Amino acid sequence: MAPASRNRQWLILFQKKRGEHRTISPRAAFWAELGIFLLVLLAGLIGLSILVSRIFLPYWRAINDYRPRLAVVREMRILEQKSEAGAVFRPEILVEFEVDSRTKAAWAFDPRTPLGNGYLPDRRAAERVLGSFRQGGLCLVYVNPENGTEVFVFRELPWWIWLVLFVPLSLVILGGVGLAMVVQAGKERSLLAQVTASSSRFLLKAGAASSQLWPTIPPPLSSQDSPGVRLPIRLPLMPTELGNFFGWFLGSLLWNGASLTVLTWAWTGVWAGQQDWLFFAFACLLVVVGAAWLGAMGYFVARQWRVGPTIVEISGQPLIPGGRYQVYVAQFGHVKVNRLSISLVCEERVVFPEGTETRTESREVAKIRLFRREAFEVRSGLPFEAFFDLDLPVGVMHSFRSPHNQIVWMILVEKVLVGLTPIKRYFPVVVYPRQSGKVTI
Amino acid sequence: MSVVGGDSLPMVFLRLDRDRSVYFPGDTLSGEFRIEGLSRVAINAIEVSVFWYTEGKGVSDRGIHAIWQFTTSERTFDPRRPQRFCTIVPRAPWSYEGAIVKIRWTVRLRVILRGLPSIVCEVPFRLGDLPPAGGL
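Just so you know, the sequences run in chain order R and G. My numbering puts the last residue of the first sequence at 568; the count rises by one with no breaks. My numbering puts the last residue of the second sequence at 1497; the count rises by one with no breaks.
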C-alpha cells in the first residue's frame, strides 16, 4: 500500500475553512480571486504600456516618420525642470545639420527614459549621458519634418532594459492565465451546482433514483469521445505532472520577475553612485535562486522530451468487475528503459479542512499488476508496443465521486529509466458496479 | 429493528422487513415504523429517508435516495399503528469500507415534535457485499 500523499490546492486563494465555518462564500471567493488576477493583469498591462510608450514607441516613430540626418555636436547642457515632486533633468546636445541645403541648429535629446520625454531623476545620470557625446563629433539625429526644432538623438539602450521588460510580461502572463483558470473553475462550479440541484430534486422522489444513470459515478469516455487506433478507446493522460509543472512555471515567472526588479533597482543605485553593495549582493542571490529554479524547469522539460509520449488504449469502457478487457500501450521517445511496469490502481481521494487550510489526501488501496518488461530501448520512430489483458476482479469497488470524496481507478505506467528519475503516468478509467447480485469471492 | 426511548419516554420502533442487512441493486427495501407514548397532536411531522453518506478523513458527503413525509394533520393518522415505506434499492454507490473513504447506507426516521427536540432513529444496511479495501 502506498503512503499517503498530501497536496496543497495551490489556486484556492480564498474560501478557507475554520472547522465547519467557511470564511467566505464560493461566490465571494470567485469574485475575489477574479479581482486579484485582474489587478495583476492590469498592473502588467500598465507596466508594459509605459515601457512601450516611453522606450520603444518614440524610437519606432522617429525611424518611421522623422528624417535621419548626420549632425555635428556643438554644445551640451542639462535642462533642469522643477516641480512639487522634485527636480528632473534632461541632457541635451546642440547639433548642426543640413536640411534642404540649409544649415540648421537645434537642441536634441534622447526621448527614451523611464520618466518619459528625455527626463532623468538625477543630475549625475544626465551627466553620464552627455559623457557619451564629444563636442565636434558626429552623430545621427532624427528631425521632425513638420517642426524642424524637434530633433531626437538615440543612444544604445542599456542591457537591463530587457530585464525590466520581463517584469510586466510575467505579470501579464500570470494575471491572464490565473484569470482564465478562475473563470474556468467558476464555470465548472456553476455546472456542478446545476447538476447537484437537479440531482437533489430528483432524489427527493421516493424510489425513482433507480431510473437515473449513475449520479455518483463519473461518465466514461466512449469510442466517439476518444477513438483509439489499435483498440476502440484511447485513454486520456491524467495531467498530474503537467498541472504541477504549470504551477511551478507560474511561480518561477513571479519569482524571476520580482528578483529581476530588485536587481534592476540595486543596479540603478550602484550606477547612480549609491554603492549599497550588500543590497546588490542580496539581489544577485535572488536572481541566482531564480536561475536555479528555471534550470530545474528546464530539466523537467528535457526529461519529458526525452521520455516521449505514452499512449494507452482499451477495448471497452466502463469496466465491469469480473470483465476481461484488452489494453494496448505504446511508448515513444528515445530512451533506455530499465523497467516498464503497468498496473491498474485504485486510489481514494479526500478533501478536508486542517486549521485554516483546505487539504487533499490520496491513498492507493489496490494495485493489480498487468504487465512488466525489463531492460529494453525505445528509439525515435520505433515505439515500444505491447498488448495485454486486464482481468478486473469481481469484488472491487466501482468509481465514485462526491464533492469531497472520490474513488478513482487508473492505469499506471511506471518507467524506471537510465540516468533519469522514475516517471509515473496515470490514465483514468471508469469502473461501474457489477450488474449481478451476490457472488462468492 | 431499532428502538429509541423507553421508561417514561415515548418509544419509536423502526424495522426493515428483511432480516439480513445486505441488499443488492434492484432489491425492494421495505419496512415500517410506529411510535408509542406520543399523541398525534404532539407530533409536527414524521420523516423517513433512505440515504448514503461518507465517513473517513474527508468532509462527509451525503446523497438522499428516497424520502417520505408523514403529516399528522389527518385525523385518521395514528402513530401507534405501523406505517409502511418501500423503495427500490439503487445501483450505486455500493457500501464501501476503504482506508480513508467509507460509504454507508441507512434508513433514518425523524420525528419532529412540537416545541421539543426531534427524535431520530436509524437502521443501517449494506448495499452490495464488497469486502474491505486493501485485499488486492
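Even glycine gets a Cβ: it sits at the ideal position worked out from N, Cα and C. Bear in mind that the values here come from a model prediction, so they are computed numbers and not experimental data.
Secondary structure of Arg250/R (DSSP, three-state): helix.
Listed along chain G are Asp1422, each with a C-beta nearer than 7 Å to that of Pro530/R. Within chain G, the residues Arg1452 and Ala1453 have their CB atoms less than 8 Å from the CB of Trp341/R, given in chain order. Residue state for Arg261/R is assigned as coil, using DSSP reduced to three classes. Close partners of Ala1403/G in chain R (Cβ separation under 8 Å) are lacking, with about 26 Å as the shortest Cβ gap.
If you compare the alpha carbons of Pro1386/G, Tyr1414/G and Thr1432/G with that of Val1472/G, the shortest gap goes to Thr1432/G.
For Gly1495/G, the closest Cβ of chain R is nearer than 9 Å. Boundaries around Phe479/R are those of the beta strand (DSSP E), Val462 to Glu481, since no alpha helix (DSSP H) includes it.
Under the Cβ criterion (8 Å, minimum of three pairs), the region 1477-1486 of chain G does not count as touching the region 1415-1432 of chain G.
Sequence-distant Cβ neighbours of Ser470/R in its own chain, meaning closer than 7 Å and more than five residues away, are Lys494, Ile495, Arg496, Leu497 and Leu539. Cβ-Cβ distances below 6 Å link Glu541/R to Ser468 and Lys551 in the same chain, with the five nearest sequence neighbours on each side left out; the list follows chain order.
Within the DSSP bridge table, the entry for Ile163/R names no partner. Residue state for Asn383/R is assigned as helix, using DSSP reduced to three classes. For Ala1460/G, the nearest beta carbon of chain R is closer than 9 Å to its own beta carbon.
Against chain R, the beta carbon of Thr1415/G has neighbours under 7 Å at Ser529 and Asn532, listed in chain order. Bounds of the beta strand (DSSP E) holding Asn1405/G are Ile1404 to Gly1417. The C-beta of Asp352/R has fewer than 16 other C-beta atoms within 10 Å across all chains shown, which makes the residue exposed. For the C-beta of His525/R, the chain G residues within less than 8 Å are, from N- to C-terminus, Ala1453, Pro1454 and Trp1455. Cβ contact annotation for Gly313/R (same chain, cutoff 7 Å, sequence separation greater than five): Phe157, in chain order. Put simply, of Met524/R, Gly435/R and Glu484/R the residue whose alpha carbon is nearest the alpha carbon of Ser507/R is Gly435/R. According to DSSP, Tyr455/R shares a beta bridge with Glu440/R and Phe514/R. Using beta-carbon distances, Ala418/R does not count as an interface residue toward chain G, since no partner is under 9 Å. Taking the C-beta atoms as reference points, Pro218/R is found nearer than 9 Å to Phe236/R.
With fewer than 16 other Cβ atoms inside 10 Å of its own Cβ, Lys209/R counts as exposed. With a minimum length of 4 residues, there is no unbroken run of alpha helix (DSSP H) contained wholly in the region 486-553 of chain R.
Only those residues of the region 1478-1492 of chain G whose C-beta falls short of 8 Å from the nearest C-beta of chain R are listed: Gly1489, Asp1490, Leu1491 and Pro1492.
Annotated three-state conformation of Trp234/R is strand, per DSSP.
For Ile447/R, the closest Cβ of chain G is not nearer than 9 Å.
With a cutoff of 9 Å on beta-carbon distance, Leu1474/G and Leu1399/G are scored as near each other. If the five residues before and after Ala1494/G are omitted, its C-beta is found closer than 8 Å to the C-beta atoms of Tyr1457, Glu1458, Gly1459 and Ala1460, all from its own chain and listed in chain order. At least one beta carbon of chain R lies nearer than 9 Å to the beta carbon of Pro1386/G. In this structure, DSSP gives Arg1401/G a helical state, which the three-state scheme calls helix. Judged by beta-carbon spacing, Glu488/R lies beyond the 9 Å limit of Val472/R, meaning their Cβ atoms are not closer than that value. Counting C-beta atoms within 10 angstroms of its own C-beta, Ile173/R has fewer than 16 neighbours from the protein chains shown and is therefore classed as exposed. In terms of Cα proximity to Phe406/R, the closest of Trp392/R, Gly417/R and Ala418/R is Trp392/R. Around the beta carbon of Val545/R, fewer than 16 other beta carbons sit within 10 angstroms, so the residue counts as exposed.
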